[in-house]
Amino acid sequence: MKIKINQFKVAVSKKDIPLSKLIERKYHIFERFINDIIISKESIDARDKNNIFLVYNLIVDIDDSKYEMIKDNKFITIYDDKPITLDYPRYNNGDRPIIVGFGPAGMFAALYLSRCGAKPIVIERGSRIEDRVKDVEEFILNKRLNPNSNVQFGEGGAGTFSDGKLTTSLNDPMIRFITQEFVSHGAPKNILYEAMPHIGTDYLRSVVKNIRLECESLGAEFYFNTTFDSYSQNGDSVDVYLSNKLKLNTKHLLLGFGHSARDTIKMLYKSGCNMEPKSFSMGVRIEHKREDINYAQYGECASVLSPAYYKLSTHLDNGRGVYTFCMCPGGELMASTSEEMSIVTNGMSYFKRDNINSNSGLLVSIDPSDYFKSSPLDGLDYQEMYEHKAFMVGKDYRAPANLVGEFLHDEVAKNIRGVTPTYPHGIVFCDLRECLPEYVVDSLKKAIPILDRRLHGFANPDAILTGIESRSSSPIRMIRGEDRMSNVMCLYPIGEGPGYAGGITSAALDGLKTAISIVK
């Protein structure tokens, strides 16, 4: 029979001992009566640096006769083995759905619709992943930007050139389905049980290609290097006009365009789609030595544990929230702009997370009252203005930066010290007020010492602040109804760009649920 053991703690000093042996020692069930062990969740309890534990939830197959010995333990229950599956009813709506964007929302919408026989058409302004990697490398090496195929645009979406984190605050049974699909398409199996799962940009590139190949095998059609230019109503359907001069027709136009597609957002607003401004965040990336963060989190155990993760936040007396975002252990900074003469930073890491630095976004909350004048699109202009200011600091794609020590004392650093910056185009030391709002800079100055009390060393004077991080979320929300449709018939906003998600998992979930709803 299968049982579930929750909160099974293993001291770090015993982490190399087989779990079957540790179960035998704790519950007196001989190893020979343990048929199989599956880890369903793994985390690290590092609250006491002198006594760190690995904490597991385990699914254990044992001989039926041994259950009586342990059935009264509060951490043990009978495991109800119900795999997460979805039905795929036949799509009979008389059209081919069209999906704009092949990021997480578009991928899972396309995957589900393909399995239902809908043969969706996918419009992606960027390149397929093989060519997109070359476009990104060309920008990094030679500063030649392809505005339609870059870190923000292309097969897989912006998350493809990130850490591939799957963390989410949502609690939905379909999330398990999403992680299972990632694994079945090539992601590492440990994303099924790690408390802070991540795929890594190296694996994610293969995963998104494999999802596309399955969709194609089921009849889906892809138009890469093609933009969605406009649409017009046509009875109970819409005509869709593309940059390749093709006109398509559908009753279901799924809009998963991502929050960097400013031209698409502006076109939709002008065409009558209801939108509202929403909060977003802006700030910098902060870089420390990976070994320093590891030690701050794990003490002497750091050398035997995986690279350390942190998540910090504080609410200041000025009303601003300041928080870390998209933390990348053992990662590097990316040049993530999609527009010429602008600077956008982000973090990225490979599956092994073995680079010399760890980095994180350090962001300040921005409310519509900070930027709203007359249009829901004002947040787009606000982002764009500061991204251009950041470019003008160096005027050659070097990013504006400062060291924490000087930043906290209203000074500008002259040289790097203990931390080597990883931003690919190099940095220019400056007063960060040249490229960020005054209230953002002031909030960062107040927050860093507070966060240092929660993670000692966060305010290391040698740590590097590199700007600007401005695209953590969309500044607009396309209003949709309970049927997930916009006020414009046949248009279905999905994912991060329209304001309905905040990361790979939540975007995938939103696209999946919208696809399910239109099939029904």
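Residue 6 is where the sequence shown starts when you use my numbering, and the numbers rise one by one after that. Every residue gets a Cβ at the ideal spot worked out from N, C-alpha and C, and that includes glycine. Nothing here was measured: the structure is a model prediction, and the numbers come from that model.
Take the alpha-carbon of G399 and the one of Y84: they are about 59 Å apart. With contact defined as three or more Cβ pairs closer than 8 Å, the stretch 410-430 and the stretch 374-387 are not in contact. By the neighbour-count criterion, in which 16 or more other beta carbons inside 10 Å mark a residue as buried, K170 falls on the buried side.
Partner residues in the beta bridge of M280, as assigned by DSSP, are M483. Of all alpha-carbon atoms in L259, S237, K394, G472, the one lying nearest the alpha-carbon of D515 is that of L259. Judged by DSSP secondary structure, A404 falls within the beta strand (DSSP E) whose first and last residues are 404-408. DSSP places T510 in the uninterrupted alpha helix (DSSP H) bounded by 509-524. Within the same chain, and ignoring the five residues on either side of A266 in sequence, the residues whose Cβ sits closer than 7 Å to its Cβ are G502. The stretch 433-451 makes no contact with the stretch 329-338, as fewer than three CB pairs between them are under 8 Å. It is roughly 25 Å from the alpha-carbon of Y391 to the alpha-carbon of H293. Per DSSP, G335 is one residue of the beta strand (DSSP E) stretching across 326-340. For M112, the uninterrupted alpha helix (DSSP H) run begins and ends at 109-120, by DSSP.
Going by beta carbons, R137 and N153 fall outside the 8 Å limit. Within the same chain, Cβ atoms closer than 7 Å to the Cβ of V212 are found at F187, H190, G191, A192, I204, the five residues on either side in sequence being excluded. In the structure shown, the three-state DSSP call for Q12 is strand. Judged by their CB atoms, L367 and L460 are not nearer to each other than the 8 Å cut-off.
Take the alpha-carbon of I89 and the one of F107: they are about 24 Å apart. Taking all protein chains in view, the Cβ of A418 is crowded by 16 or more other Cβ atoms within 10 Å, so the residue is classified as buried.
If you check the CB distance, T206 and T165 come in under 8 Å.
Distances from the alpha-carbon of S248 to those of V105, I509, A513 put V105 closest. One Cα belongs to I499, the other to D372, and the distance between them is close to 22 Å. For V417, the secondary structure class from DSSP, reduced to helix, strand or coil, is coil. If you check the CB distance, F113 and A506 do not come in under 8 Å. When Cβ pairs closer than 8 Å are counted between the two stretches, the stretch 464-478 is seen to touch the stretch 273-290, the count reaching three or more.
If the five residues before and after Y96 are omitted, its C-beta is found closer than 7 Å to the C-beta atoms of L118, C121, G122, A123, V524, all from its own chain and listed in chain order.
Taking a C-beta distance under 8 Å as the contact criterion, G336 and R358 qualify as a contact pair.
Separation of the CB atoms of L413 and I453 is rounded to 6 Å, and the pair is thereby assigned contact status at 8 Å.
Here L273 carries a helix assignment [DSSP, helix/strand/coil]. 8 Å or more divides the Cβ of V60 from the Cβ of I39.
For Y84, the secondary structure class from DSSP, reduced to helix, strand or coil, is coil.
Comparing alpha carbon positions, the residue from D21, F262, D415, S25 closest to D234 is F262. Apart from the 5 residues on each side of it in sequence, S45 sits with its Cβ closer than 6 Å to the Cβ of N62, I64, Y198 in its chain, given in chain order.
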